[in-house]
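Presented below is the structure to which this report refers.
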Amino acid sequence: MNARLGPTAAAALTVLLAWLVLYPILIVVADAAAGGGDAVTRFVTRPGEWGALWASLWISLASVALAAAIGVPLAFLFEWLEFPGRKTLGSLIALPAVLPPFVGVIAFLFLYGESGFVARAVQAVLGLTRPPWRLQGAGAILLVHAYSMYVYFYLLARAGLAKLDASLIEAAQALGAGRWDTLSRVTLPLLRPALGGAGLLVFMAALGSFSAPYVFGGGFRVMTTQIVATKLNGELPLAMVETAALALVAVVGFAVLRRTEGNDPLIALGKGTAPRRRPIRRPGVRGFATAAGWLFAVLLLLPHLTLALVSLVPYGSWTTETLPPVLSLGNYQRLFGEPERLRPLVNSLWMATVSTFAALVLALAAGALIGRRRPREAAGRFRGAIETLVALPWALPGTVFAIALAATFSVSSPITLRWVLVGTVVLLPLAYLVRNLPVTGRAVLAGYRQLDPALEEAAASLGAGWWGVFRRVTLPLLRPALAAGASLAFVAALGDFVTSIVLYTYDNRPISIEIMSSLRVSELGVAAAFGVILMVVSGLVLGVGARR
Amino acid sequence: MTGFVTLDGIRKRWSPTVTVGPASLEIARGEIVALLGPSGSGKTTVLRLLAGFELADGGRIAIEGEDVTALPPARRRCGMVFQHYALFPHLDVGENVGFGLDRLERHDRDRKVAASLELVDLAGFERRKPHELSGGQQQRVALARALAPEPRVLLLDEPLSNLDPALRERTRRELRALIKRVGITTVFVTHEQEEAFDLGDRVAVLDRGRLEQVGAPEDLYERPASLFVATFVGRANVVRGATARALGGRDGEVTVVRPEQLRFADAGLPGVVRERRYTGAAAFYQVETEPGDRLEVLAGPAAARVGDRVYVEATRVLTFAAGRE
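Sequence lines, in order, name chains F and B.
Each position in the first sequence, counted from 1, maps to that position plus 10 in the working numbering.
Each position in the second sequence, counted from 1, maps to that position plus 5 in the working numbering.
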């Protein structure tokens with residue numbers, strides 16, 4: 011790239027990102043402050059507000075603990091031991107991570123909810139007249155979180171274990187450390203960055219979690235649901251204060267957890283080979299491990315299987331029976347037969363496509379300008395700013411961004427770069443774009459960092475101009491990173507609920523909103539059919555994205 | 006002499022304390038020049054300035070009389086072989102070699118690729134992927150790729166450092182023969198003296214960003230221009246004071262004596278043999294002199310034993326002004 015053009019382009023990109031990412035947050039803070047002491051006073055004095063804030067915090071911390079308690083032992087089991095079915099099960103149990111959280115939530119509802127299969131079965135067995143439980147409140151939320159978020163611990167701990175140098179463990183043993191000593195003094199400390207990273211991911215996901223509290227919370231409010239409720243009540247200044255408060259908690263939590271993550275000592279030490287997996291020799295133990303593994307996998311897949319089953323239940327045909335009496339493809343036929351019903355799917359697809367593409371373009375621009383290991387000196391000055399701006403949406407809950415974008419683009423003031431976009435179909439894809447910046451940015455920047463600068467130099471010295479270098483060398487080499495980032499972003503946008511519920515209009519209502527309104531009118535089959543479509547499309551996209 | 010490649014006061018400032026150059030160098034058509042120096046000496050910077058990957062802060066670079074100082078790499082027509090070869094992993098060998106030939110018709114390009122691969126003894130390797138090749142083969146593909154567009158200058162960055170030692174010497178000879186056959190003007194970077202001497206017609210020694218001396222291998226070894234060149238090129242004993250005087254050096258100067266320019270004699274500087282390192286045809290002896298200096302002497306394998314009291318004399322010494330080192 012032209013040496014003089016670089017800094018200018020980098021500055022322009024910084025400004026654009028700041029406008030997309032930082033500016034709306036500043037507007038929220040300004041609005042919260044401008045609301046005067048009134049809104050702040052209400053926020054401080056109403057016990058419900060403090061309750062919601064406290065609930066958000068402890069739910070998030072408890073989610074981290076639960077997810078770690080499930081995910082870390084699983085990681086050791088699958089990384090260190092060898093037993094039949096290890097490979098298949100190992101990837102099966104990573105499944106909850108790849109599906110949109112909203113799908114998991116409604117699947118849970120159909121399985122464990124008060125009229126779900128399990129409740130009906132218990133009711134039938136015990137001859138109860140009423141459902142044995144209501145899946146509601148903090149416990150229900152934690153259950154869903156633990157179920158969907160342990161994957162972060164599982165995957166990151168496994169990755170950490172996989173790159174652990176076996177000689178480190180052998181060294182500890184040669185120095186006389188027993189098995190527990192080695193674990194506590196060598197293995198776990200070396201895993202700290204991986205575990206810290208997973209903790210951070212779970213904390214942020216739980217703090218921003220909206221679907222589970224919205225569906226299962228009942229009277230129990232966390233900050234995200236509280237904000238949306240306040241906004242629906244029309245108390246905008248209070249909503250701004252709440253949003254600012256949640257953003258503050260998120261940023262503080264992010265900073266604190268980031269610090270505990272620390273630097274990765276394994277990177278500094280260079281690579282070794284991971285310990286060999288130990289086969290379980292005793293047949294009894296092996297059988298037990300295998301059975302437990304499969305049982306666990308079934309337990310994890312059960313909600314999604316439930317979703318598929320419910321999607322085959324015609325409207326009004328299933329009342330008090332334990333299992334649905336009639337199964338048909340009627341819901342799918344209606345869905346694809348009636349254009350008005352298909353609209354949400356089309357909406358979600360185009361918005362996910364457009365927002366993913368835009369996020370990729372921005373990420374590529376960032377990568378090209380500052381992603382290389384040796385960035386051009388002048389453009390390199392913007393490196394920190396661009397990296398921070400790209401990562402920022404990740405540190406803030408989706409609700410915060412939804413409210414912030416709604417506040418920013420409800421005013422017509424071109425001179426301050428604000429236009430009225432509320433009520434148009436543009437705002438929601440814009441929100442998807444902002445929310446997807448971290449995942450595409452992270453993938454593309456990592457791709458650029460792994461790029462050997464000599465390859466681009468080789469192309470240049472063979473006569474290729476900057477466009478030729480980009481098209482013939484950089485882009486093909488970045489393809490895996492682009493595919494990974496794009497597929498994750500696309501799936502997130504496709505299944506998004508948290509920003510959609512704040513920003514959708516009738517004309518661009520996405521799948522998740524349609525599922526909620528189907529549930530509201532008790533069209534469980536249609537809701538489930540949409541869920542299944544979401545699941546299948548997500549699975550396919552991620553499968554394509556992960557292929558090398 | 007106006008060279009085929011001219012570096013005229015070329016300069017690159019990395020930071021207030023780290024500057025490469027100003028360096029001036031004339032390279033004749035068809036000549037092979039080695040840039041030799043320790044790591045951080047600026048030799049790679051000079052190569053990258055020539056290739057156009059770095060832009061100079063001052064000075065001028067000309068190739069074939071054309072000022073290329075501000076020209077981007079794509080328009081310099083310099084072929085470069087990278088230290089780790091930088092073969093495009095997503096392309097096969099044929100596409101790699103043909104990368105710089107995209108302006109040619111397909112038929113001509115294929116012919117040119119085949120000819121280039123044959124030049125490096127890899128005929129028929131077009132459809133292999135780079136990762137299927139051995140290190141030596143990768144190096145030759147990189148060479149074929151650099152040569153295919155018929156560049157004016159060939160640049161090699163540590164061309165042999167990635168090969169195992171057994172292969173290195175043979176590859177060195179083959180590389181030199183190939184370059185001479187093609188007749189291309191070549192500049193290469195190395196930190197190994199032996200490689201520079203073996204492969205280069207002339208050697209340019211760099212230290213801390215400065216071009217210390219340029220000359221034929223014999224010149225550098227026999228008539229080093231500075232203490233750095235004397236010690237970096239070949240083995241050298243550096244002595245001062247009484248020991249220097251005893252060997253024929255002068256006061257206030259630093260004296261350098263090569264091991265083969267010292268010998269055991271009946272009279273001269275007395276000392277005790279502390280170590281003997283046997284190399285087959287000869288042996289290196291560590292002699293501790295009375296003032297406490299250690300001298301390395303090259304002599305016949307049976308010239309002395311550890312613990313012997315000996316006298317050492319110099320057949321020739323080099324002296325340098327003290328102060329700068």
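Every residue, glycine too, gets a C-beta built ideally from N, C-alpha and C.
**Q.** Interface positions of the segment 25-54 of chain B facing chain F (Cβ-Cβ less than 8 Å), listed along the chain
**A.** none
Q: Drop a sphere of 10 angstroms on the beta-carbon of Asp256 (chain B), count the other beta-carbons inside from all chains shown, and report buried for 16 or more, exposed for fewer.
A: Using a 10 angstroms sphere on the CB of Asp256 (chain B), the tally of other CB atoms stays under 16, which defines it as exposed.
Q: Determine contact between the segment 409-421 of chain F and the segment 21-39 of chain F, defined as no fewer than three beta-carbon pairs at a distance below 8 Å.
A: Look at the beta carbons and you see the segment 409-421 of chain F touching the segment 21-39 of chain F: at least three pairs across the two are nearer than 8 Å.
Q: Kindly list, in the order they appear in chain B, the residues whose Cβ is closer than 7 Å to that of Pro486 (chain F).
A: In chain order: His95.
Q) What is the C-beta distance between Ile66 (chain B) and Thr191 (chain B), in whole angstroms, given that I count them as a contact (C-beta under 8 Å)? A) At roughly 16 Å, the Cβ-Cβ gap does not stay under 8 Å, so Ile66 (chain B) and Thr191 (chain B) are not in contact.
Q) Which partner residues does Gln291 (chain B) have in the DSSP bridge list? A) Per DSSP, the beta-bridge partners of Gln291 (chain B) are B:Glu280, B:Glu301.
Q.
Quick check: is any heavy atom of the ligand SAH less than 8 Å from the C-beta of Leu492 (chain F)?
A. Summarising the ligand content, the structure contains no ligands, and the ligand SAH is consequently not present.
Q: Give the interface partners of Phe104 (chain B) over in chain F, defined as CB-CB distance under 9 Å, in chain order.
A: For Phe104 (chain B), the chain F residues whose Cβ falls inside 9 Å of its Cβ are Ala468, Ala469, Leu472, Gly473, Ala474, Arg482, Val483, in order along the chain.
Q) From the beta carbon of Gly457 (chain F), is the nearest beta carbon of chain B less than 9 Å away? A) no
(Q) Just list the residues that DSSP pairs Ile66 (chain B) with in beta bridges. (A) Ile66 (chain B) is bridged to B:Leu12.
Q) If you draw a straight line from the alpha carbon of Thr426 (chain F) to that of Arg353 (chain F), how long is it in whole angstroms? A) 35 Å
Q.
In the DSSP output, what is Ile37 (chain B) paired with across the bridge?
A. Its beta-bridge partners are B:Thr191.
Q: Quick one: measure Cβ to Cβ for Gly84 (chain B) and Ala33 (chain B), integer angstroms, because I've assumed they're closer than 8 Å.
A: Distance from Gly84 (chain B) to Ala33 (chain B) at the Cβ level is roughly 18 Å; contact not present, criterion being Cβ atoms closer than 8 Å.
Q. Would a check of beta-carbon distances place Ala464 (chain F) closer than 9 Å to chain B?
A. yes
Q: Identify whether Thr366 (chain F) lies in helix, strand or coil by the three-state DSSP scheme.
A: If DSSP states are grouped into helix, strand and coil, Thr366 (chain F) belongs with the helices.
Q: Determine contact between the segment 113-132 of chain F and the segment 201-211 of chain F, defined as no fewer than three beta-carbon pairs at a distance below 8 Å.
A: no
**Q.** Closest by C-alpha distance to Asp203 (chain B), when choosing among B:Glu31, B:Glu179, B:Leu211, B:Glu59
**A.** B:Glu179
Q. What do you reckon, are the CB atoms on Leu311 (chain F) and Leu102 (chain F) nearer than 9 Å?
A. yes
Q | Length of the line joining the Cα atoms of Leu323 (chain B) and Glu258 (chain B) | A | 10 Å
(Q) Short of 8 Å in beta carbon distance, which residues of its chain neighbour Ile277 (chain F), apart from the five on each side in sequence? Order them along the chain. (A) Confidence at Ile277 (chain F) is low in this model, with a pLDDT of 48, below 50, so the placement of that residue is unreliable and no value is reported for it.
Q: Taking all protein chains shown into account, decide if His314 (chain F) is buried (16 or more other Cβ within 10 angstroms of its Cβ) or exposed.
A: With 16 or more other CB atoms across the displayed protein chains lying within 10 angstroms of its CB, His314 (chain F) is buried.
**Q.** Residue(s) in a DSSP beta bridge with Asn242 (chain B)
**A.** B:Val262
(Q) Please return the same chain residues whose Cβ sits closer than 7 Å to the Cβ of Trp143 (chain F), not counting the five positions on each side in sequence. (A) If you ignore the 5 residues before and after Trp143 (chain F), its C-beta comes within less than 7 Å of the C-beta of Glu124, Ala129, all in its own chain and listed in chain order.
Q | Among B:Leu160, B:Arg181, B:Phe93, the one whose alpha carbon lies nearest that of Gln143 (chain B) | A | For the residues B:Leu160, B:Arg181, B:Phe93, the minimum Cα distance to Gln143 (chain B) belongs to B:Phe93.
Q) Is the number of C-beta pairs between the segment 344-352 of chain F and the segment 10-26 of chain B that are closer than 8 Å three or more? A) no
Q. Does any residue of chain F bring its CB to less than 9 Å from the CB of Arg80 (chain B)?
A. yes
Q. Tell me the DSSP bridge mates of Tyr316 (chain B)?
A. Paired residues: B:Ala270, B:Pro275.
Q) Using the beta-carbon of each residue, which ones in chain F are nearer than 7 Å to His136 (chain B)? A) For His136 (chain B), there are no neighbours in chain F by C-beta distance under 7 Å, as the nearest C-beta there is about 13 Å away.
**Q.** C-beta atoms of Glu533 (chain F) and Leu455 (chain F) nearer than 9 Å
**A.** At the C-beta level, Glu533 (chain F) and Leu455 (chain F) stay beyond 9 Å of one another.
Q: With 9 Å as the threshold, decide whether the Cβ of Arg145 (chain B) is near any Cβ in chain F.
A: no
Q. Cα separation between Glu59 (chain B) and Leu165 (chain F)?
A. 42 Å
Q: Closer than 8 Å by beta-carbon distance: list the chain F residues that pair up with Ala56 (chain B), in chain order.
A: Glu467, Ser471
Q. Below 9 Å between beta carbons: does that hold for Ala201 (chain B) and Leu41 (chain B)?
A. yes
Q) Under a three-way DSSP split, which group does Ile425 (chain F) fall into? A) In the structure shown, Ile425 (chain F) sits in a helix (DSSP, three-state: H, G or I).
Q: Since I believe Arg287 (chain F) is in contact with Ala65 (chain F) (beta carbons under 8 Å), could you give me their beta-carbon distance rounded to a whole number of angstroms?
A: With 8 Å as the limit, Ala65 (chain F) and Arg287 (chain F) do not qualify as a contact, their Cβ atoms being about 42 Å apart.
(Q) Does the CB of His89 (chain B) have a neighbour CB from chain F at under 9 Å? (A) yes
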